[in-house]
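To keep things clear, I will list the structure first and then write my remarks on it.
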Amino acid sequence: MFLNGISVIQPIAAELTLAEKGISAAKVILTGFVVVFSVLLLLIGVIKLYSLIVGKAQSIGSKRTVKSDAPAVKLPAVQRETEPEENTPAEEGIPEEVVAVIAAAVATMYGGRGRAKIKSIKRAGGRSAWANAGVLDNTRPF
Amino acid sequence: MEILNGFLDAIKGIYLSSGLVSLDWQNYVMIAISCFLLFLAIKKQYEPLLLLPIAFGMLLVNLYPGIMAAPHINLVEIASANDPAATGHVVQEIGGKVYYEDPTYGGLLYYLYQGVKLGIYPPLIFLGIGCMTDFGPLIANPKSLILGAAAQIGIFITFTGAIFLGFTEAESGAIGIIGGADGPTAIYVTTKLAPHLLGSIAIAAYSYMALVPIIQPPIMKALTTKKERSVVMEQLRPVSRLEKILFPIIVVILIAIFLPDAAPLVGMLMLGNLFKESGVVERIAKAAQNELMNIITIFLGTTVGATASGTNFLKLDTLKIIALGLIAFCMGTAFGLLFGKIMYKLTGGKINPLIGSAGVSAVPMAARVAQKVGQQENPANFLLMHAMGPNVAGVIGSAVAAGVLLNVVG
Chain G
148 MFLNGISVIQ
158 PIAAELTLAE
168 KGISAAKVIL
178 TGFVVVFSVL
188 LLLIGVIKLY
198 SLIVGKAQSI
208 GSKRTVKSDA
218 PAVKLPAVQR
228 ETEPEENTPA
238 EEGIPEEVVA
248 VIAAAVATMY
258 GGRGRAKIKS
268 IKRAGGRSAW
278 ANAGVLDNTR
288 PF
Chain P
148 MEILNGFLDA
158 IKGIYLSSGL
168 VSLDWQNYVM
178 IAISCFLLFL
188 AIKKQYEPLL
198 LLPIAFGMLL
208 VNLYPGIMAA
218 PHINLVEIAS
228 ANDPAATGHV
238 VQEIGGKVYY
248 EDPTYGGLLY
258 YLYQGVKLGI
268 YPPLIFLGIG
278 CMTDFGPLIA
288 NPKSLILGAA
298 AQIGIFITFT
308 GAIFLGFTEA
318 ESGAIGIIGG
328 ADGPTAIYVT
338 TKLAPHLLGS
348 IAIAAYSYMA
358 LVPIIQPPIM
368 KALTTKKERS
378 VVMEQLRPVS
388 RLEKILFPII
398 VVILIAIFLP
408 DAAPLVGMLM
418 LGNLFKESGV
428 VERIAKAAQN
438 ELMNIITIFL
448 GTTVGATASG
458 TNFLKLDTLK
468 IIALGLIAFC
478 MGTAFGLLFG
488 KIMYKLTGGK
498 INPLIGSAGV
508 SAVPMAARVA
518 QKVGQQENPA
528 NFLLMHAMGP
538 NVAGVIGSAV
548 AAGVLLNVVG
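Order-wise, the sequence lines are chains G and P. Residues 148 to 289 in the numbering used here are what the first sequence lists, from first letter to last. Residues 148 to 557 in the numbering used here are what the second sequence lists, from first letter to last.
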């Protein structure tokens, strides 16, 4: 037959007795149950442990960041009240809601890792946002 | 007259070499089955990415069995080693006679099939799956792994059924793995344990995966109460990038050390996931989950389908495999749900047992079914992300179960 290249040869095995079949089945069920559950329970333990460690490390890291930022927070009250209007990074005509959405998108992308600060928001000229995204997508890897 | 005779001889030669003469009734039955599978893939869109190439491979091999033919060497007797006919051929002497080797090359699908036979394609598919999988829900709720493990019990129970139906230990292992509801794992295990059953097992596995939305809901409703199905689970915690990066590294270290037989599948799955989560090899991640995955899917699907020739597929054993595969699937779903119910009780009603059914892998179909059945009771309930935890745990679980089977009965 044409299929001789794909191992159509039946395995030659002695017919098992009923008792042997029972023993084989019990062996596989027991081994399978114990090994699969043991490995996955071990994984649960390991995931919980490293999640705990990572969580603690990150909370310590963020506390340190807050501490190092502390002097910057102590700005004179007057300055903070007056500055937002002057320091608004958005170009005129861009509504506050759009600025909030852009800030939220930046915060989502960087999460708690980077302390991103929006310095300016300008209307994109030339290409549309979709075209820009396409260009970025194709050029970023290089 | 001579021209007419020559013409008739040529027509006769073409007729004698055609499928009209060489094909038997089994091939025609398989052609009908493959057309039905093509209908399911195209019209009903049942797992079309795999069912379509599988069905077409099946169609091709039954129309032209030579496409799967292995290469072989004919020995042609010659008068002496200097015979001009032997020029360019390997000459050998057997029993005082001189022969030259006249090789016949194998069919196209024979060569492509080597990737299945040697266990290369399934791990590569896992690489692509890893790139597309978000283990976040599993890391956020590691208890999901218990449900992923529970759903694998069906594999081992089906092994029992198969062995008592007269299959060998190795064949029973390959049949049982259908319950893992993971196509590449089923193919990988079958090529190692019972390659002659590959066509039947792969078709059964992919058919049942496509039928998850039909098979699972009745079992889910039968084994859970309305109250249990209505449970709204708490939102999962956000998972940090570092946790997601560490996950594939830790999993592969643990599984490859404790269960080396599962290392090719789990290793590739986790490599793909690390490509995705590291964020530093975007090009490779894209290639693995798109181009590579698609190419391998074409080769895997077509060549697995091509193993289902009439003589190889139309046997009583195939019907037994299809029946056992269904049992494996149902048992996997049932055990996932039962463990879900146990967790529901232990957590004081915080876990919706429906997510246990997603432990059978079949990513993401089984998770979507859990979401759909949950929403039938409470339209405001969104179980999808909670079900994705056991769902991806099922992929790891079935790879571990595959490792156990390869080790115990391989």
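A virtual CB, placed ideally from N, CA and C, is assigned to each residue, including glycine.
| query | Using a Cβ-Cβ cut-off of 7 Å (strictly less than) and excluding sequence neighbours within five positions of LEU294 of chain P, which residues of its own chain qualify? | reply | Taking LEU294 of chain P as the centre and dropping the five residues before and after it, the same chain places the C-beta of GLY483, PHE486, GLY487, ILE502, GLY503, GLY506, PRO537, ALA540 closer than 7 Å to its C-beta, in chain order.
| What in chain G is Cβ-close to VAL238 of chain P, meaning under 7 Å? | Neighbours of VAL238 of chain P on chain G: none; closest Cβ ~25 Å, over 7 Å.
| task | In the DSSP assignment, find the unbroken alpha helix (DSSP H) run with ASP156 of chain P in it and report its ends. | result | Per DSSP, the unbroken alpha helix (DSSP H) holding ASP156 of chain P starts and ends at 149–164.
| task | Please name the residue or residues paired with PRO342 of chain P in a DSSP beta bridge. | result | None, per the DSSP bridge assignment.
| request: Would you identify the three-state DSSP class for VAL510 of chain P, choosing helix, strand or coil? | output: Three-state result, VAL510 of chain P: coil.
| Beta-bridge pairing of THR251 of chain P - partner residues as DSSP gives them | P:HIS219, per the DSSP bridge assignment.
| said: Between which residues of its own chain and GLU381 of chain P is the CB-CB distance below 8 Å, once the five residues before and five after are set aside? | reply: Excluding sequence neighbours, GLU381 of chain P sits near LYS497.
| Quick one: any contact between the stretch 196–211 of chain P and the stretch 446–456 of chain P, if contact means 3 or more CB pairs under 8 Å? | Short answer: they touch.
| task | List the residues of chain P whose Cβ lies closer than 8 Å to the Cβ of LEU187 of chain G, in chain order. | result | Within chain P, the residues near LEU187 of chain G are LEU292, ILE293, GLY295, ALA296, ALA540, ILE543, GLY544, VAL547.
| Which residue's Cα is closest to the Cα of THR338 of chain P: P:LEU447, P:ARG388, P:VAL413? | Of all alpha-carbon atoms in P:LEU447, P:ARG388, P:VAL413, the one lying nearest the alpha-carbon of THR338 of chain P is that of P:LEU447.
| task | Evaluate HIS219 of chain P with the Cβ neighbour count: other Cβ atoms within 10 Å of its Cβ, from every protein chain shown; 16 or more gives buried, anything less gives exposed. | result | Answer is exposed; the Cβ neighbour count stays below 16.
| Per DSSP, which one or two residues make a beta bridge with GLN239 of chain P? | GLN239 of chain P pairs with P:TYR246.
| request: Give a yes or no on whether the minimum CB-CB distance between ILE194 of chain G and chain P is below 8 Å. | output: Under the 8 Å criterion on CB atoms, ILE194 of chain G is classed as interfacial with respect to chain P.
| Sorted by chain position, which residues of the same chain lie with C-beta nearer than 7 Å to ILE310 of chain P's C-beta, five sequence neighbours on each side aside? | Same-chain partners within the cutoff: GLU316, SER319.
| query | Going by C-alpha distance, which of P:LYS159, P:VAL555, P:THR307, P:LEU285 is nearest ALA166 of chain G? | reply | Closest by alpha carbon: P:THR307.
| Since ILE176 of chain G meets chain P, which of its residues come closer than 9 Å, beta carbon to beta carbon? | Under the 9 Å cutoff, chain P gives ILE300, PHE303, ILE304, PHE306, THR307.
| task | Express the C-alpha separation of ALA546 of chain P and GLY301 of chain P in angstroms, rounding to a whole number. | result | Taking C-alpha positions only, GLY301 of chain P is separated from ALA546 of chain P by approximately 14 Å.
| message | Rounded to the nearest angstrom, what separates GLY235 of chain P and ASN229 of chain P at their Cα positions? | response | Distance between the alpha carbons of GLY235 of chain P and ASN229 of chain P: 11 Å.
| task | Reducing DSSP to helix, strand and coil, say where VAL220 of chain G ends up. | result | Low local confidence applies: a pLDDT of 45 at VAL220 of chain G is under 50, so the model's placement there is unreliable, and no value is given.
| task | Could you tell me whether the Cβ atoms of GLY284 of chain P and MET532 of chain P are closer together than 8 Å? | result | The amino acid at residue 284 of chain P is misidentified as Gly; the sequence shows Pro. When the beta-carbon positions are compared, PRO284 of chain P and MET532 of chain P come within less than 8 Å of each other.
| Local conformation of GLU238 of chain G per DSSP, three classes | Three-state result, GLU238 of chain G: coil.
| task | Quick one: grab the DSSP three-state call for GLU194 of chain P. | result | Three-state result, GLU194 of chain P: coil.
| field | Option in P:PRO231, P:VAL520, P:ILE392 with minimal Cα separation from VAL427 of chain P | value | Selection P:PRO231, P:VAL520, P:ILE392 evaluated against VAL427 of chain P yields P:ILE392 as nearest (Cα-Cα).
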